[in-house]
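Asker:
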Amino acid sequence: MAARDRRRERRPEVRLDSPKGLRTPLVPRFSTGNDRMGRFSEAFARGMGTPWFLVGMTVIVTVWLVYNTVAPVEAQFDPRALNFTLLTLILSLQASYAAPMILLAQNRQDDRDRVQIEQDRQRAERNLADTEYLAREVVALRLALKEVVTRDHLRTELRALLDELDRRDREDVERADAERADAERADVERAQSGAGDVSSSGAPRTDER
0 MAARDRRRER RPEVRLDSPK GLRTPLVPRF STGNDRMGRF SEAFARGMGT
50 PWFLVGMTVI VTVWLVYNTV APVEAQFDPR ALNFTLLTLI LSLQASYAAP
100 MILLAQNRQD DRDRVQIEQD RQRAERNLAD TEYLAREVVA LRLALKEVVT
150 RDHLRTELRA LLDELDRRDR EDVERADAER ADAERADVER AQSGAGDVSS
200 SGAPRTDER
């Protein structure tokens, strides 16, 4: 019972919202070794494409031919009389295995190129979408800036408003001065008319005598 509890604690929790690849399978998956074989074929093809492979193969074949030609017949393991049958067999096996491995490496490279092309296409689509979005934002910003009051226009409008306020203040001052002058003139006339009435009422009447 305790061992079962320990195994249950060591087992990672499987969640329904996690991707399928992140879940722990009930039955372990066994790799077929395709990826390992592909890596080996790529390494083999990459090694065959180097100048060191050609130099080494040339040296081995040359030593092989020279030894089986110059050495005594009893010491030859691939005699010249049999037209170097063993060397021909080895080179044939090498060619027969090299061609499929090179093709396998090319297929893996084609798969990687296909994935890379798809990723580049998706990246290009995202870049195009981002560029279109930025272009729309720039156009919207330009349209908005056309409606925004510029500094010179605002300065001109404020200067016009200040001139209008100064003109109205001058008119109000002139109107107040004119009203004050009219009021003073009316007071003076009223005072003069009152003084004339008083003088006329206080003078003696000769006719009544």
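If you count by numbering that gives the first Met the number 0, then the sequence shown holds residues 0 to 208, one letter each, in order. Every residue gets a Cβ at the ideal spot worked out from N, C-alpha and C, and that includes glycine. Since the model is a prediction, treat every value here as computed from it, not as a measurement.
When you compare only the Cα positions, how much space is there between Gln118 and Phe39?
Answerer: Taking the first residue of the sequence shown as position 1, residue 118 is located at position 119. Taking the first residue of the sequence shown as position 1, residue 39 is located at position 40. Each residue's alpha carbon lies about 26 Å from the other.
Asker: Run the CB neighbour count on Ala139, radius 10 Å, all protein chains shown included, and call it buried at 16 or more, exposed below.
Answerer: Counting from one through the sequence shown, the residue named residue 139 turns up at place 140. Flag for Ala139 reads exposed.
Asker: Within 10 angstroms of its Cβ, does Asn82 collect 16 or more other Cβ (buried), or is it exposed?
Answerer: Locating residue 82 in the sequence shown gives position 83, counting from the first residue. Exposed, by the Cβ-count rule.
Asker: Count the other C-beta atoms from every protein chain shown that fall within 10 angstroms of the C-beta of Asn106, then say buried if there are 16 or more, exposed otherwise.
Answerer: What you label residue 106 is simply residue 107 of the sequence shown in a count that begins at 1. Its Cβ having fewer than 16 others within 10 Å, Asn106 is exposed.
Asker: Please state the DSSP three-state secondary structure of Thr234.
Answerer: Given that the chain is displayed from residue 0 to residue 208, the structure contains no residue 234 and the question cannot be resolved.
Asker: Rounded C-beta distance between Ala97 and Met36? I'm assuming under 8 Å.
Answerer: Here residue 97 is taken as the residue at index 98 of the sequence shown, counted from 1. Here residue 36 is taken as the residue at index 37 of the sequence shown, counted from 1. About 15 Å; that fails the 8 Å criterion.
Asker: Round the Cβ separation of Ala143 and Ala104 to the nearest angstrom and send it over; I've been treating them as touching at under 8 Å.
Answerer: Here residue 143 corresponds to residue number 144 of the sequence shown, with the count starting at 1. Here residue 104 corresponds to residue number 105 of the sequence shown, with the count starting at 1. At roughly 57 Å, the Cβ-Cβ gap does not stay under 8 Å, so Ala143 and Ala104 are not in contact.
Asker: Can you grab the Cα-Cα spacing for the pair Thr155 / Arg120, in whole Å?
Answerer: As a working note, residue 155 is residue 156 in the sequence shown. As a working note, residue 120 is residue 121 in the sequence shown. Their Cα atoms are separated by approximately 53 Å.
Asker: I need the DSSP call for Val147, collapsed to helix, strand or coil.
Answerer: Position 148 of the sequence shown, counted from the start, is the residue given in the question as residue 147. Note: Val147 maps to coil in three-state DSSP.
Asker: Look up Phe76 in the DSSP assignment and say whether it is helix, strand or coil.
Answerer: For the purposes of this step, residue 76 is identified with residue 77 of the sequence shown, where counting begins at 1. Three-state DSSP puts Phe76 in coil, outside helix and strand.
Asker: Give me the Cα-Cα distance between Arg150 and Leu157, rounded to the nearest whole angstrom.
Answerer: Sequence index remark: in the sequence shown, residue 150 carries index 151 (1-based). Sequence index remark: in the sequence shown, residue 157 carries index 158 (1-based). One C-alpha to the other measures close to 10 Å.
Asker: If you draw a straight line from the alpha carbon of Gln191 to that of Glu173, how long is it in whole angstroms?
Answerer: Taking the first residue of the sequence shown as 1, we reach residue 191 at position 192. Taking the first residue of the sequence shown as 1, we reach residue 173 at position 174. Cα-Cα distance, rounded: 27 Å.
Asker: Check the C-beta distance from Leu86 over to Trp63 and give it rounded, since I have them as a contact under 8 Å.
Answerer: Reading the sequence shown from its first residue, position 87 is the one you call residue 86. Reading the sequence shown from its first residue, position 64 is the one you call residue 63. At roughly 6 Å, the Cβ-Cβ gap stays under 8 Å, so Leu86 and Trp63 are in contact.
Asker: Determine the DSSP secondary structure at Gly55, reduced to helix, strand or coil.
Answerer: Taking the sequence shown and counting its residues from 1, one reaches residue 55 at position 56. Helix at Gly55.
Asker: Compute the Euclidean distance between the alpha carbons of Val147 and Glu188, then round it to the nearest angstrom.
Answerer: Here residue 147 is taken as the residue at index 148 of the sequence shown, counted from 1. Here residue 188 is taken as the residue at index 189 of the sequence shown, counted from 1. About 60 Å.
Asker: Alpha carbon to alpha carbon, how far is Glu73 from Arg111?
Answerer: Residue 73 sits at position 74 when you count from the first residue of the sequence shown. Residue 111 sits at position 112 when you count from the first residue of the sequence shown. Straight-line Cα distance between these residues: approximately 53 Å.
Asker: Can you round the beta-carbon distance between Arg79 and Thr61 to whole angstroms, since I take them to be within the 8 Å contact cut?
Answerer: Numbered from 1 along the sequence shown, position 80 holds the residue referred to as residue 79. Numbered from 1 along the sequence shown, position 62 holds the residue referred to as residue 61. Not really, about 14 Å apart at Cβ, beyond 8 Å.
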